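Chains as they are written, first to last, in our numbering: chain A, 1 to 70; chain B, 1 to 395. Here the structure is laid out as structure tokens; the discussion comes afterwards.
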């Protein structure tokens, strides 16, 4: 498995697990409450930032090198 | 009259975006308007490109040397796209609210046109794809504004943030335009890479560029990485209103629809990057030249619809020049428009069959000696053993 595939797998796993936890905690039950929706939107934004950062960290600089295409 | 026609032709995409918005508002089967328009665009682009009857002239100048493009008019057209995109997104939010809750909401008639209420799963899918397609095609206005400074650059960031890609504005100007054609530019696709892999590597590569740039900049001025001064974090935070809207209106389903539209629009941005420089090579340290970009001169439908973005070579020579000032400069040309090539690259073997002879011609007639050596190595790495230049790299 290439570094890029590992990074993608990690993103799917992390997002899936955190999403499942939030779902079972019932955060979606109150999404019509504007303040609650804003707070949880910030949580989703942080998850997005962690996802992107994980791609950089796991795939590494070499993933972007042309020689790694072979 | 000529001046009027030159300016009005750039309304091709804004009209298609508006038609997609109207389709989403009317509802029912009309939510597929964006998908139908894209398919029609591909067919028209193929027909006009393949016929070779329609060489597309730049906007150009009159006999006094004055530009035909009207500065304030075309700038206004670009600025107005932002509220149009917001309305397109709000229309999608409205539809996903109706879908997720089963509640009808809003008028039954607008200007005598019946508004369909109630959204089926299939219609929700169509609405998401349609909105994603035209949010993505609208990114070209964000691209144009990203080459400006001050408030219009910030507007470009907000425009891109609607699709979660505000990092593009910095990465495009400070990375792609300086490092084009070599591996330091994630937006240039090497030979043999398919669009799906390029989508990932270019998208994350551009974000990574801004991440590293901010890491170094903030360290230099003694500010912690996690701060409001971090333009990488701020770019993603600019997407917060979009996340909030979808989540507030429709919960988890809304979030899924938002991600779907983001994936499509970000994919289209990377399709443009892919088509503009695919397989072209520049030696590190050598100046960027006209032969490092693919131009599109045989497709008026692409040139007008993509506001002359197909004059890539001149755009890379004069990055801050407005699109209506760009000239034809004899750059390499695949002979087909972006819509036509989009249909090809979705099937990677078909794309390779199309592009390999054109790259072989580039290697022979356009590349420098140093570029030819790199091309031979890249052809080998791509597994293109039938290319005239193909050498096993020396480890």
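All C-beta atoms, glycine included, are put in the ideal place defined by N, C-alpha and C. Note that the coordinates shown come from a computational prediction; the quantities given were computed from them, not determined experimentally.
Beta-bridge partners of residue i, as assigned by DSSP
i: residue 61 of chain B; result: B:67
i: residue 333 of chain B; result: B:295
Residue range of the alpha helix (DSSP H) that includes residue i
i: residue 297 of chain B; result: Neither: residue 297 of chain B is in no alpha helix (DSSP H) and is coded neither H nor E.
i: residue 284 of chain B; result: Taken as a continuous stretch (DSSP letters only), residue 284 of chain B belongs to no alpha helix (DSSP H), as it is neither H nor E.
i: residue 356 of chain B; result: 348 to 365
i: residue 308 of chain B; result: Counting along the chain, residue 308 of chain B falls outside any alpha helix (DSSP H), and DSSP gives it neither H nor E.
i: residue 176 of chain B; result: Here residue 176 of chain B belongs to no alpha helix (DSSP H), and DSSP marks it neither H nor E.
i: residue 398 of chain B; result: The structure shown has nothing for residue 398 of chain B, since chain B only spans 1 to 395.
i: residue 274 of chain B; result: 240 to 277
i: residue 14 of chain B; result: 12 to 26
i: residue 18 of chain A; result: 3 to 24
i: residue 125 of chain B; result: 121 to 137
i: residue 165 of chain B; result: Here residue 165 of chain B belongs to no alpha helix (DSSP H), and DSSP marks it neither H nor E.
i: residue 382 of chain B; result: From DSSP, residue 382 of chain B is part of no alpha helix (DSSP H); its letter is neither H nor E.
i: residue 36 of chain A; result: 34 to 59
i: residue 64 of chain A; result: Looking at the DSSP string, residue 64 of chain A is not in any alpha helix (DSSP H), and its letter there is neither H nor E.
i: residue 235 of chain B; result: 231 to 237
i: residue 342 of chain B; result: 338 to 345
i: residue 151 of chain B; result: 151 to 161
Option nearest residue i by Cα separation, candidates the options
i: residue 107 of chain B; options: B:269, B:304, B:25, B:272; result: B:25
i: residue 348 of chain B; options: B:197, B:126, B:239; result: B:197
i: residue 413 of chain B; options: B:60, B:52, B:387; result: Coverage of chain B is limited to positions 1 through 395, which leaves residue 413 of chain B absent and any answer about it impossible.
i: residue 138 of chain B; options: B:175, B:111, B:95, B:82; result: B:82
i: residue 116 of chain B; options: B:132, B:91, B:136, B:135; result: B:91
i: residue 296 of chain B; options: B:133, B:239, B:33, B:50; result: B:50
i: residue 80 of chain B; options: B:210, B:289, B:152; result: B:152
i: residue 13 of chain B; options: B:264, B:208, B:135, B:148; result: B:135
i: residue 179 of chain B; options: B:205, B:155, B:192, B:158; result: B:205
i: residue 346 of chain B; options: B:321, B:364, B:270, B:371; result: B:270
i: residue 193 of chain B; options: B:160, B:110, B:261, B:279; result: B:279
i: residue 260 of chain B; options: B:164, B:65, B:384; result: B:164
i: residue 110 of chain B; options: B:385, B:207, B:27, B:219; result: B:27
i: residue 65 of chain A; options: B:123, B:120, B:121, B:190; result: B:190
i: residue 49 of chain A; options: B:384, B:211, B:342; result: B:211
i: residue 85 of chain B; options: B:160, B:372, B:149; result: B:160
i: residue 48 of chain B; options: B:287, B:337, B:66, B:72; result: B:337
i: residue 203 of chain B; options: B:216, B:227, B:265, B:142; result: B:265
i: residue 344 of chain B; options: B:333, B:275, B:221; result: B:275
8 Å Cβ shell around residue i - same chain, five flanking residues per side excluded
i: residue 41 of chain B; result: 16, 301, 305, 339
i: residue 250 of chain B; result: 93, 96, 97, 99, 100, 101, 257
i: residue 33 of chain B; result: 19, 20, 22, 23, 24, 130
i: residue 35 of chain B; result: 126, 129, 130, 133
i: residue 68 of chain B; result: 2, 3, 6, 7, 59, 60, 61, 62, 324
i: residue 263 of chain B; result: 132
i: residue 52 of chain B; result: 298, 335
i: residue 253 of chain B; result: 96, 99, 100
i: residue 353 of chain B; result: none
i: residue 11 of chain A; result: 51, 54, 55
Close Cβ partners of residue i (< 7 Å) along its chain, the five nearest in sequence each way excluded
i: residue 118 of chain B; result: 98, 104
i: residue 303 of chain B; result: 56, 296, 310
i: residue 176 of chain B; result: 185, 187
i: residue 144 of chain B; result: 78, 307, 323
i: residue 37 of chain B; result: 16, 19, 20
i: residue 6 of chain A; result: 58
i: residue 201 of chain B; result: 186
i: residue 157 of chain B; result: 166, 169, 235, 238
i: residue 10 of chain B; result: 74, 77, 304, 307
i: residue 383 of chain B; result: 192
Beta-carbon proximity list for residue i, same chain, < 6 Å, skipping 5 on both sides
i: residue 309 of chain B; result: 140
i: residue 327 of chain B; result: 58, 314
i: residue 231 of chain B; result: 214
i: residue 31 of chain A; result: 37
i: residue 245 of chain B; result: 93
i: residue 282 of chain B; result: 181, 182, 292
i: residue 229 of chain B; result: 223
i: residue 395 of chain B; result: The predicted position of residue 395 of chain B is uncertain, since its pLDDT is 49 and thus under 50; no value can be drawn from it.
i: residue 290 of chain B; result: 313, 329, 331
i: residue 171 of chain B; result: 206, 209, 210
Distance cut-off 6 Å: residue i Cβ against heavy atoms of the ligand GTP
i: residue 30 of chain A; result: Annotation note on the ligand GTP: not contained in the displayed structure, which lists no ligands.
Identify every run of the alpha helix (DSSP H) within the stretch 188 to 227 of chain B, keeping only runs that are complete inside it and at least 4 residues long; order them along the chain. Along the stretch 188 to 227 of chain B, the alpha helix (DSSP H) occurs as fully enclosed runs of 4 or more residues at 195 to 220, listed in sequence order.
Would you list, in sequence order, the uninterrupted alpha helix (DSSP H) runs of no fewer than 4 residues that lie entirely inside the stretch 31 to 55 of chain B?
33 to 51
- Query: Listed in chain order, which residues of the stretch 30 to 52 of chain A have Cβ atoms closer than 8 Å to some Cβ of chain C?
  - Reply: The chain inventory of the structure shown lacks chain C, comprising the protein chains A and B.
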